[in-house]
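Residue numbers (my numbering), protein chains in the order written: chain E, 1409 to 1521; chain P, 39 to 151.
Every residue, glycine too, gets a C-beta built ideally from N, C-alpha and C.
Encoded as structure tokens, the structure appears first; notes follow it.
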Amino acid sequence: KNQVEQSPQSLIILEGKNCTLQCNYTVSPFSNLRWYKQDTGRGPVSLTIMTFSENTKSNGRYTATLDADTKQSSLHITASQLSDSASYICVVSSQGGSEKLVFGKGMKLTVNP
Amino acid sequence: DAGITQSPRHKVTETGTPVTLRCHQTENHRYMYWYRQDPGHGLRLIHYSYGVKDTDKGEVSDGYSVSRSKTEDFLLTLESATSSQTSVYFCAISESGGPYGYTFGSGTRLTVV
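Structure representation (structure tokens):
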């Protein structure tokens, strides 16, 4: 069964600290992996998109890694800010079109001053 | 979110009544999607459209119907709302069906009482 598992489910950190979010997947065949940020009351917004051949992708203070062999991805946030408080969703696309997206349940990050 | 608008943003309705949610885009994208988001679940695809009058079912389509008579509008209808359809509904658009430019709306919070 195609699944995307995220950990931890929630995390609280202090402003300025770094953190890493994990995503494990069993989706096959694999097309691409995406990380989204979802602010409360808003829709998800794309942070990074990685295909099979890419193992690192950065977007400002966000850096995603992908290990296609172990089917794991991580999202590292550097020097966290209060505005990083949000839910983060890992999404894996199976080959065959975007209707084959498998969403993780998301994890809630809280950044405290 | 730029280019995609969902209406209404909030709605409370009674069990057994019909409800229609609207997604409007100004990007002229070919693909449009309806998702629902519930606690403890990842986003789940209800229906999607790959062109005017071209639609298909997603993984949780029971109790929902859709219509797309114009490129810019994708309507989601609950023919007879039930409490299990209380959820946050997101529309998404995509130009090519691929990951780039895949954009979500801000969501509609629907409560069925």
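In chain P, which residues lie less than 9 Å from residue i when you measure between Cβ atoms?
i        : result
V1435(E) : Per Cβ cutoff of 9 Å: no residues; V1435(E) is ~12 Å from chain P at best.
V1412(E) : G80
Can the beta-carbon of residue i be found less than 7 Å from the beta-carbon of residue j?
i        : j        : result
L83(P)   : Y69(P)   : no
V150(P)  : T51(P)   : yes
T1518(E) : H1484(E) : no
S144(P)  : R1450(E) : yes
Q1446(E) : S1493(E) : no
H67(P)   : E110(P)  : no
G80(P)   : G1512(E) : yes
Y86(P)   : Y71(P)   : yes
A119(P)  : T64(P)   : no
To which residues of the same chain is residue i closer than 7 Å at the C-beta, ignoring the five residues directly before and after it?
i        : result
E97(P)   : R82 and L83
R1469(E) : I1485, T1486 and A1487
L1490(E) : E1423, V1519 and P1521
F1460(E) : F1438 and A1476
S121(P)  : T53 and V150
E1462(E) : L1474
Mind listing the chain P neighbours of residue i? Cutoff is C-beta to C-beta under 8 Å, in chain order.
i        : result
K1513(E) : G78, H79 and G80
Under 6 Å Cβ to Cβ from residue i, same chain only, skipping five residues before and after it: list those, please.
i        : result
Q18(P)   : Since the first residue shown for chain P is 39 and the last is 151, residue 18(P) is missing from the structure and cannot be characterised.
Q1430(E) : S1415 and S1482
T1464(E) : T1473
S105(P)  : L113
K49(P)   : L148
S1466(E) : none
T1456(E) : W1443, K1465, N1467 and A1472
P1452(E) : Y1444, Q1446 and I1497
Could you tell me how far apart the beta carbons of residue i and residue j are, in whole angstroms, since I believe they sit closer than 8 Å?
i        : j        : result
S125(P)  : Q44(P)   : At roughly 13 Å, the Cβ-Cβ gap does not stay under 8 Å, so S125(P) and Q44(P) are not in contact.
E1413(E) : N1432(E) : 5 Å
A1487(E) : S1481(E) : Contact flag wrong, Cβ pair sits at about 21 Å.
T1434(E) : Q1411(E) : 5 Å
Can you tell me where the beta strand (DSSP E) holding residue i begins and where it ends?
i        : result
G89(P)   : R82 to G89
A111(P)  : Per the sequence shown, the amino acid found at residue 111(P) is Asp instead of Ala. D111 to L116 is the extent of the beta strand (DSSP E) around D111(P).
D1475(E) : Y1470 to D1475
Q63(P)   : V57 to Q63
H1484(E) : Q1480 to I1485
H48(P)   : H48 to T51
L1455(E) : V1453 to T1459
R74(P)   : Y69 to Q75
Q1414(E) : V1412 to S1415
Y140(P)  : Counting along the chain, Y140(P) falls outside any beta strand (DSSP E), and DSSP gives it neither H nor E.
Which residues in chain P have a C-beta closer than 7 Å to the C-beta of residue i? List them in chain order.
i        : result
N1520(E) : Going along chain P, no residue has its Cβ under 7 Å from N1520(E), so there is no contact; the nearest lies around 23 Å.
N1440(E) : P137
S1501(E) : P137
I1457(E) : P137 and Y138
So, at 8 Å on beta carbons, what are the nonlocal neighbours of residue i in its own chain, with the 5 sequence-adjacent residues on each side left out?
i        : result
Y140(P)  : A130, I131 and S132
S107(P)  : V90 and K91
T93(P)   : H85, Y86, S87, V104, S105 and R106
I1421(E) : C1427, S1488, L1517, T1518, V1519 and N1520
R47(P)   : S144, G145, T146 and R147
At a CB-CB cut-off below 8 Å, which residues of chain E make contact with residue i?
i       : result
P128(P) : Residue identity check: residue 128(P) is Phe in the sequence provided, not Pro. Correct list: G1451 and P1452.
Run through chain B and tell me which residues come within less than 7 Å of residue i, C-beta to C-beta.
i       : result
S125(P) : Judged by its chain identifiers, the structure shown contains no chain B, and its protein chains are E and P.
At a CB-CB cut-off below 7 Å, which residues of chain E make contact with residue i?
i       : result
S144(P) : R1450 and G1451
With respect to 6 Å, is the separation between the Cβ of residue i and the closest non-hydrogen atom of the ligand ATP below this value?
i      : result
I42(P) : Among the components modelled here there is no ligand, and therefore nothing to report on the ligand ATP.
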